[in-house]
Amino acid sequence: MKKPARWEVALMIVAFVVMMAALGWRRSQAERDELHHREAMERIEDARLGVAAAVPVAKWLNAHLDSHNLAVLDFISGDTKVQKNSALLLEQDWQPLDAARLVEALACSDSAEVRERLIALLSRQTGQKFADNLNDWESWIKQQKIVPSKADAASYLAFKALLYHRLDPRLVHHFAIGKLSSVVPHEIYWAGPKYFSAPLRHPQLLSVAQASYLAPNDSVFGIVDKNGVAIALPLRIVHWHNVVEIELSGALVTAVYDEQTKTMLAFENGGSGTSRRFFNSAFLFDGEHLVADEQTHSLWSARSGKPIVCEQTLQGVQLKALPVVAATWAAWVKEHPTTKVLPVETGFDRDYRSR
3 MKKPARWEVA LMIVAFVVMM AALGWRRSQA ERDELHHREA MERIEDARLG
53 VAAAVPVAKW LNAHLDSHNL AVLDFISGDT KVQKNSALLL EQDWQPLDAA
103 RLVEALACSD SAEVRERLIA LLSRQTGQKF ADNLNDWESW IKQQKIVPSK
153 ADAASYLAFK ALLYHRLDPR LVHHFAIGKL SSVVPHEIYW AGPKYFSAPL
203 RHPQLLSVAQ ASYLAPNDSV FGIVDKNGVA IALPLRIVHW HNVVEIELSG
253 ALVTAVYDEQ TKTMLAFENG GSGTSRRFFN SAFLFDGEHL VADEQTHSLW
303 SARSGKPIVC EQTLQGVQLK ALPVVAATWA AWVKEHPTTK VLPVETGFDR
353 DYRSR
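See below:
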């Protein structure tokens, strides 16, 4: 048998390498497709369960609406005759919170016809000429310093529940039934249609040597627990998720990325006797993107560690904050050479490698 020439051997080696690289690429693509499919299926299932649970809540709220809540909701979605009757009721019995209701409806409406109708009624009743400038309307409402009574606050929460139920049925759970607000509820605004970001829960942590995807000048948020265990949360990962749930020394820690201040906040989760699973909510208060817990759908401020719209049993609860340090990857590793770090293989179809 003729011995193959050197060039033939080299060609076979190149062909083998190319074949293995192609197989590896196909396997990587298949894994990415599987992760993408799994994430999509989880979203669909979450939506299905949330919508199913929202139906009886919305029915109960609709059966117990007060006249002003009903008038505003009918004004933005009823037929012409219903709209006229609603406008007449509001004009004859105008209340300060009606302006807040109309401005909130304006904030979450993408219909030009509905927005025009809302602006016309607002302008007639308030004398303000802000046209379609939502920021001016919201600032003006805040300047009025409306402090609702306990009954009015409860009524307003019911209004919010049904208003946002029309956008996404699952949002009804944040405000009904029996929820209490520690802030004026009309100053909690919807964050918009792109609020969703899936929380990152219990990722497999890497050592410094394994984190080859990080460059020395990459931004990270560092946490050290009471036992001296350190972890780095790279900005390139956390900005995709906002909420990260990890374990340090056997204790659950929830970290929340604050988009407005570009900082991270972290809490011992379970210090009050109950571990809660948090996720990014669809709502803003005082410029902060609020988080919600899966158990009660209460809305929390990560800046204070307190719930601001919650069930009565959660009033007075405050999560214990952990110090968080913003640093470069190189600086953090120099101070904490045994630190753990988040991986890029998180189970989500995200391109974490791009800065």
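Take any residue in the sequence shown, note its place counting from 1, add 2, and you have its number in the working numbering. We put the beta carbon where it would ideally sit given N, CA and C, even for glycine. Keep in mind it's a predicted model, so treat the numbers as computed, not measured.
Since residue i sits in a beta bridge, which residues does DSSP pair it with?
| i | result |
| --- | --- |
| P236 | V222 |
| C312 | L182 |
| S303 | K308 |
| I248 | V255 |
| W192 | F285 |
| V319 | Its beta-bridge partners do not exist; DSSP assigns none. |
| V343 | L208, A234 |
| V335 | Answer is none; V335 lacks a bridge partner. |
| T330 | S221 |
| F280 | D295 |
In terms of residues, what are the limits of the alpha helix (DSSP H) holding residue i?
| i | result |
| --- | --- |
| L75 | 69-79 |
| F198 | Counting along the chain, F198 falls outside any alpha helix (DSSP H), and DSSP gives it neither H nor E. |
| N87 | 82-94 |
| Y166 | 152-167 |
| A107 | 98-109 |
| D138 | 136-145 |
| I121 | 114-128 |
Leaving out five residues on either side along the sequence, give the residues of the same chain with a beta carbon under 6 Å from the beta carbon of residue i.
| i | result |
| --- | --- |
| E47 | At E47, the pLDDT of 49 sits below 50, so the modelled position is not reliable; the number obtained from the coordinates is stated separately. So the list is empty, once near-sequence residues are dropped. |
| W242 | R352 |
| F177 | L159, K162, A163 |
| T256 | E247, F269, N271, F280 |
| S157 | D68 |
| Y354 | R238, I239, V346 |
| A102 | I143, H188 |
| K86 | none |
| V84 | D76 |
Would you kindly check if the distance between the Cβ of residue j and the Cβ of residue i is under 8 Å?
| i | j | result |
| --- | --- | --- |
| S221 | T330 | yes |
| V185 | I78 | no |
| A234 | V343 | yes |
| L99 | L123 | no |
| S277 | F287 | no |
| A323 | G307 | yes |
| Y166 | W192 | yes |
| T341 | V174 | no |
| P171 | A56 | yes |
| A109 | L91 | no |
| A232 | H338 | yes |
| F362 | I148 | Because the chain is modelled from 3 through 357, residue 362 falls outside the range shown and cannot be assessed. |
| N71 | S199 | no |
What residues in its chain sit with their C-beta under 7 Å from that of residue i, if we drop five residues either side in the sequence?
| i | result |
| --- | --- |
| G80 | S88 |
| Y259 | V240, H241, N244, M266 |
| D138 | F132 |
| A107 | V74, I78, L120, L165 |
| H299 | H175, H176 |
| S274 | Caution applies to S274, whose pLDDT of 49 falls short of 50 and renders its modelled position unreliable; the model cannot decide the point. |
| L63 | A160, A163, L164, A178 |
| P195 | none |
| P150 | L99, Y158, V186 |
For the beta strand (DSSP E) containing residue i, list its first residue and its last residue.
| i | result |
| --- | --- |
| D260 | 253-260 |
| D295 | 290-295 |
| L324 | 322-324 |
| A1 | Since the first residue of the chain shown is 3 and the last is 357, residue 1 is not available in this structure. |
Taking 8 Å as the limit between beta carbons, can you name the residues of its chain near residue i, skipping five residues before and five after?
| i | result |
| --- | --- |
| K131 | S125 |
| D134 | R117, I121 |
| W96 | Q127 |
| Q314 | G180, L182 |
| E140 | V105, A109, Y191 |
| E296 | R278, R279, F280, F281 |
| Q262 | G289, E290, H291 |
| R305 | D260, L267, E290 |
| P201 | H243, N244, V245, V246, E247, R279, F280, F281, N282 |
Would you say residue i lies against chain B (beta-carbon separation less than 8 Å)?
| i | result |
| --- | --- |
| V246 | The displayed structure is made up of one protein chain only, and chain B is not part of it. |
Discussion item. Does the stretch 286-306 come into contact with the stretch 343-352, if we say contact requires no fewer than three beta-carbon pairs (one atom in each stretch) closer than 8 Å?
Written reply: The stretch 286-306 vs the stretch 343-352: no contact.
Discussion item. Using 8 Å as the cut-off, can you tell me whether the stretch 224-232 makes contact with the stretch 242-251, which would need three or more C-beta pairs spanning the two stretches below that distance?
Written reply: Touching, per the Cβ criterion.
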